[in-house]
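> Here the working numbering runs 19 ahead of the position in the sequence shown, where the first position is 1. Here it is, the structure in full.
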Amino acid sequence: MLRVVPVILALVSTPVMAQDRVDDTPSGQPVPRYVSLKFDVANGRSGPSQAHPIAWRYTRAGLPMQVIAETEEWRRVVDPDGETTWMHRSILSGRRSAYTTDETVLRARAETDAPIEAVAEAGIVLSLERCRTGWCRVEAQGYRGWVETQTLWGLYEEERVEPANGSAALSASLTRDTALR
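Written out as structure tokens, the structure is:
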């Protein structure tokens, strides 16, 4: 009877060990996942090799991309506009960023009534520092603050949990004269 116990323990613990395992991908990273562009100019190709034509040319370092498939050297990615392309792994970084899909208020604290630090227009790339309960701490162009997640692209669902106190309405007096102010 004592010999049966180790076998039973091994069978019961196998699913737990499988969950702790790194994903079975060429990079060992989970798919899908978010990454960002390393360089100011990055080419997206129609297929996973240099022989495939350039389909997209991206001109913004830090732009978030979602990896949806991969080979040993290439990653199939989706950009913030929903376009899909292939990129070589060397031009992608694991550094996290987010893309503003609408005007986004950076606040001093993760509270809807906290003082405004800056306002980012749609299309701004923000460096992600951390996220919690519907808010993310971000930095861009020397400004740092907390933003609500509903106007950001490049977040995982668990980072989008809505805040309990609702979302802040933007003041009608805000203008769009600069990208980030």
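For each residue, glycine too, the CB sits at the ideal point set by N, CA and C. From a predicted model like this one, the values you see are computed outputs, not experimental measurements.
Per DSSP, what kind of secondary structure is T119 in: helix, strand or coil?
If DSSP states are grouped into helix, strand and coil, T119 belongs with the strands.
> Using a Cβ-Cβ cutoff of less than 8 Å, which residues in the same chain neighbour E91 once the five nearest sequence positions on both sides are dropped?
Excluding sequence neighbours, E91 sits near P45.
> Assuming A54 and G142 form a contact by the criterion Cβ under 8 Å, report the distance between their Cβ atoms to the nearest whole angstrom.
The amino acid occupying residue 54 in the given sequence is Val; Ala does not appear at that position. Not really, about 19 Å apart at Cβ, beyond 8 Å.
> Is V124 buried or exposed, if buried means 16 or more other CB atoms sit within 10 Å of its CB?
So V124 counts as buried.
> Taking C-beta to C-beta, are V50 and A88 nearer than 8 Å?
Yes.
> Rounding to the nearest angstrom, what Cα-Cα distance links W172 and A70 in this structure?
About 31 Å.
> Please return the same chain residues whose Cβ sits closer than 7 Å to the Cβ of G164, not counting the five positions on each side in sequence.
Cβ neighbours of G164 beyond the five flanking positions: L125, R126, A127, E136, A137, V157.
> Please check the pair V97 and M106, which I expect to be a contact at CB under 8 Å, by giving their CB distance rounded to whole angstroms.
Going by Cβ atoms, the distance from V97 to M106 rounds to 11 Å, so no, they are not a contact pair.
> Since T119 and T152 should fall inside the 8 Å C-beta cutoff, what is the C-beta to C-beta distance between them, to a whole number of angstroms?
Not quite, the Cβ-Cβ distance comes to about 20 Å (not below 8 Å), so this is no contact.
> Checking 8 Å against the spacing of the C-beta atoms, do R4 and T104 come in under that value?
In the structure displayed, the chain extends from 20 to 200; residue 4 sits before or after that span and is not available.
> Looking at C-alpha atoms only, which residue of G47, T131, F58, L145 is the closest neighbour of S116?
For S116, the nearest C-alpha among the options comes from L145.
> Report buried or exposed for E130, applying the criterion of at least 16 other Cβ atoms within 10 angstroms of its Cβ.
Per the 10 Å Cβ criterion, exposed.
> Whole angstroms are fine: how far does the CA of E122 sit from the CA of E140?
If you take the alpha carbons of E140 and E122, they lie about 4 Å apart.
> In whole angstroms, what separates the C-alpha of P67 from that of A74?
The straight-line gap from Cα to Cα measures roughly 12 Å.
> Could you tell me the alpha carbon to alpha carbon distance between R52 and Y162, rounded to whole angstroms?
Spanning the two alpha carbons is a distance of roughly 26 Å.
> State the beta-bridge partners of G63 as determined by DSSP.
Paired residue(s): W75.
> Assign S46 to one of three DSSP states: helix, strand, or coil.
If DSSP states are grouped into helix, strand and coil, S46 belongs with coil.
> For Q69, does the three-state DSSP call read helix, strand or coil?
Coil at Q69, not helix or strand.
> Within the same chain, show all residues whose beta-carbon is closer than 8 Å to that of A133, passing over the 5 residues directly before and after it, in chain order.
Cβ neighbours of A133 beyond the five flanking positions: R126, A127, W165.
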